[in-house]
Amino acid sequence: MLLLQSHYPFPRKESSSTALGKRPRTDFDEDDIKSICMKVLEEHLAKQRKRAREDLEDLEARIKERAQDLEESETRLKDSARKDLENLETRIKDSARKDLEDLETRIKDSAWDDLEDLKRRIMRYTNRRLTSLGRLDTYGTDDINGLMKENEDWTECKIEDGMERAKEEIYEHVEDELNKAEDRVLDRLSSAQWVLDRGST
């Protein structure tokens, strides 16, 4: 009571005995006590509201900063994933192109070797047949060249067919690798988005 009186010195209520020279009463009546308590409560609530407002402003500032960090992280992840995908596509295409060129070269080399061997065998067979028939002088060079040309045409068709099939297999392989790479990048982006969503909560 004395503490309240020191902070809130309301005038004390004097009893009728004061007029008779007695010491005045030092107690407060019920209305004074209620008034003092209300003022103390209002001051306390004002301090609490001020602290709460400051805490809220600080929290909002930290949330904004965190949101900006998450946005920057998301941008970096997307840029990194896109760059990885582009690099992977480039490597796959370069590797596929090189494999295709090597395969074409091997097919051509093998085909021409087979063609040259076929020419030699045709020539030997033709010479043997003509010699055995004793009619070598009746066959001219044009006949032999025509026979070889027919075999060349047949061999070239086989070469082209083989190369087309090889190209189709390589293109299918490249497309499959690109699809797998795209799936891996999408999984990475999904994982990154999950991390960002969890961080934002």
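By full-length UniProt numbering, the letter at position 162 of the sequence shown is numbered 162, and the numbering carries on one by one without gaps. A virtual CB, placed ideally from N, CA and C, is assigned to each residue, including glycine.
Asked                                                          : Found
Alpha-carbon spacing of E182 relative to D176, whole angstroms : 10 Å
Proximity of L178 and A81 at Cβ, strictly below 7 Å            : no
Proximity below 7 Å, CB of V185 to CB of L77                   : no
Alpha-carbon spacing of R66 relative to E74, whole angstroms   : 12 Å
Span separating the alpha-carbon of D58 from that of D69       : 17 Å
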